[in-house]
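In what follows, a structure is listed as structure tokens, so that the remarks can point back to it.
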Amino acid sequence: MIRVDLRSDTVTHPSPEMRRAMYEAELGDDVYGDDPTVNHLQERAAELLGKEAGLFVSSGTQGTSFNACACSTREEVLVGDQCHIMNNEAGGSMVLGSIVLYPIQLMNLGF
Numbered sequence: 037m038i039r040v041d042l043r044s045d046t047v048t049h050p051s052p053e054m055r056r057a058m059y060e061a062e063l064g065d066d067v068y069g070d071d072p073t074v075n076h077l078q079e080r081a082a083e084l085l086g087k088e089a090g091l092f093v094s095s096g097t098q099g100t101s102f103n104a105c106a107c108s109t110r111e112e113v114l115v116g117d118q119c120h121i122m123n124n125e126a127g128g129s130m131v132l133g134s135i136v137l138y139p140i141q142l143m144n145l146g147f
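Quick note: the sequence shown uses the numbering used here, first residue 37, plus one each step.
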């Protein structure tokens, strides 16, 4: 079985099949809802997760920021002091959503 490393876009290397799929993908303007590939991806994600709709975002940082905004009252979000959003997301949630990330010390639970 071929494994794909999705930890980060900095370590991911697409397979030849992935590259071919990107090359052959139908294109359109996703801003106007005219990209059939993006539309299909969003519809498929919504279907898989049992949701009304899906939204493709261009990066994990953007997705994390959107999630923090959608799941908070836009005041404070408690996060582990060593968590990814606190240490690696460059303050996107704070800038885009006016959310204050409040770090709390967690016991070492192995993650």
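Every residue gets a Cβ at the ideal spot worked out from N, C-alpha and C, and that includes glycine.
Here the structure is a predicted model, which means the values were calculated and not measured.
By a C-beta neighbour count over all protein chains shown, 10 Å radius and 16 as the cutoff for buried, is residue i buried or exposed?
i: SER101; result: buried
Would you tell me roughly how many angstroms separate the C-alpha atoms of residue i and residue j, rounded to the nearest one?
i: ALA61; j: GLN141; result: 45 Å
i: MET143; j: ASP66; result: 43 Å
i: GLY86; j: HIS76; result: 15 Å
i: SER51; j: SER44; result: 15 Å
i: VAL115; j: ILE121; result: 8 Å
i: VAL136; j: THR109; result: 11 Å
Tell me which same chain residues have a C-beta within less than 8 Å of the C-beta of residue i, skipping the five on either side of it?
i: LEU91; result: GLN78, PHE102
i: ALA82; result: GLU88, ALA89, GLY90
In chain order, what residues of the same chain lie with their CB nearer than 6 Å to the CB of residue i, ignoring the 5 residues before and after it?
i: ASP117; result: PRO139, GLN141
Q.
If contact is defined by three or more beta carbon pairs under 8 Å, each pair taking one atom from either stretch, is the stretch 117-127 in contact with the stretch 92-107?
A. yes
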